[in-house]
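Undergrad: Per the UniProt record's numbering, residue 1 is the first one in the sequence shown, and the count goes up by one each step.
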Amino acid sequence: MGRANVLDMEPIEINAGGYYLRALRADDLLDDRPAIVRAFEDPEMKRWVSDYRIGDLADAGAYVARRADEWARDVRCSWAVAEPTTGALLGEVDLRELDSGDPQAACWTHPDHRGRGVASTALGAAVRFGFGALGLAKIGYQHDADNTASLRVAEKCGFKLVGETMLDGTRLLHWVAVSPTS
1 MGRANVLDME PIEINAGGYY LRALRADDLL DDRPAIVRAF EDPEMKRWVS
51 DYRIGDLADA GAYVARRADE WARDVRCSWA VAEPTTGALL GEVDLRELDS
101 GDPQAACWTH PDHRGRGVAS TALGAAVRFG FGALGLAKIG YQHDADNTAS
151 LRVAEKCGFK LVGETMLDGT RLLHWVAVSP TS
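Set out below in structure tokens:
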């Protein structure tokens with residue numbers, strides 16, 4: 001794939017300006033599970049992030065463990081978007097399908113923190129990491145065409161609309177960002 005093999009190490013923290021990106025956690029010092037449960041109970045999250053159902057702390061713990069495993073297997077870099085002074089979970093951003101040759105970005109914001117630029121700030125930092133540290137040439141991003149917040153995030157992060165498809169009656173918009181060194 002032409003990317004650096006940096007995923008074999010522990011998850012990397014990234015300074016994203018007003019936020020920092022770190023691994024999702026469920027330990028004695030920091031526990032993201034309650035915030036994950038609250039986020040996935042939100043009707044907007046259920047609408048736009050329909051491939052995960054998290055109803056309790058056990059589900060959230062499995063979600064955190066899955067993200068750690070995906071990082072270890074070199075298939076996904078996933079970060080909690082965190083408030084820098086408290087470490088509170090504000091959302092999540094990731095680069096996934098790193099093993100497929102068609103890497104994709106994704107993000108979500110906790111309902112209590114929407115409308116503050118959390119997703120676009122975090123996604124921008126993750127994309128720069130993908131281009132710089134991983135050596136990716138391009139990164140895709142897709143979302144339901146009705147999700148105007150995701151559309152704004154794609155535009156703010158410099159993604160270019162490249163097409164749309166229909167999947168199970170849902171119109172998906174497809175975007176791509178290309179490395180400045182490509």
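Where a beta carbon is used, it is the ideal one built from N, C-alpha and C, also for glycine.
Could you work out which residue in T109, G91, K138 is closest to G158 when comparing CA atoms only?
TA: For the purposes of this step, residue 158 is taken as residue 158 along the sequence shown, with counting starting at 1. Here the closest residue by C-alpha is K138.
Undergrad: First and last residue of the alpha helix (DSSP H) that includes S50?
TA: To locate residue 50, count along the sequence shown from 1; it is residue 50. First-last for S50: undefined, no H or E at that position.
Undergrad: By Cβ distance below 7 Å, which residues in the same chain neighbour M17 in space, the five residues on each side in sequence not counted?
TA: Mapped onto the sequence shown, residue 17 falls at position 17. First, the amino acid is wrong: residue 17 is Gly here, not Met. So the qualifying residues of the chain are T121.
Undergrad: My parser needs the beta strand (DSSP E) runs of 3 or more residues fully inside the segment 95-151; what are they?
TA: 104-109, 138-144
Undergrad: Quick check on I14: does DSSP put it in helix, strand or coil?
TA: Taking the sequence shown and counting its residues from 1, the one referred to as residue 14 is at position 14. Here I14 sits in strand by DSSP.
Undergrad: Look up A80 in the DSSP assignment and say whether it is helix, strand or coil.
TA: Against the sequence shown, residue 80 aligns to sequence position 80. Judged by DSSP in its simplified three-state form, A80 adopts strand.
Undergrad: Sort out for me which residues DSSP pairs K156 with in a bridge.
TA: Counting from one through the sequence shown, the residue named residue 156 turns up at place 156. Looking at the DSSP assignment, K156 forms no beta bridge with any residue, so it has no partner.
Undergrad: Quick check on the DSSP output: the beta strand (DSSP E) that includes A35 runs from which residue to which?
TA: Position 35 of the sequence shown, counting from 1, holds the residue named residue 35. First-last for A35: 33-41, but that is the alpha helix (DSSP H), not the beta strand (DSSP E).
Undergrad: What do you get for residue 210, buried or exposed, if any count of 16 or more other CB atoms within 10 angstroms of its CB means buried?
TA: Because the chain in this structure spans residues 1 to 182, residue 210 falls outside the shown range and cannot be described.
Undergrad: For T170, which residues does DSSP report across the bridge?
TA: By 1-based counting over the sequence shown, the position of residue 170 is 170. Per DSSP, L167.
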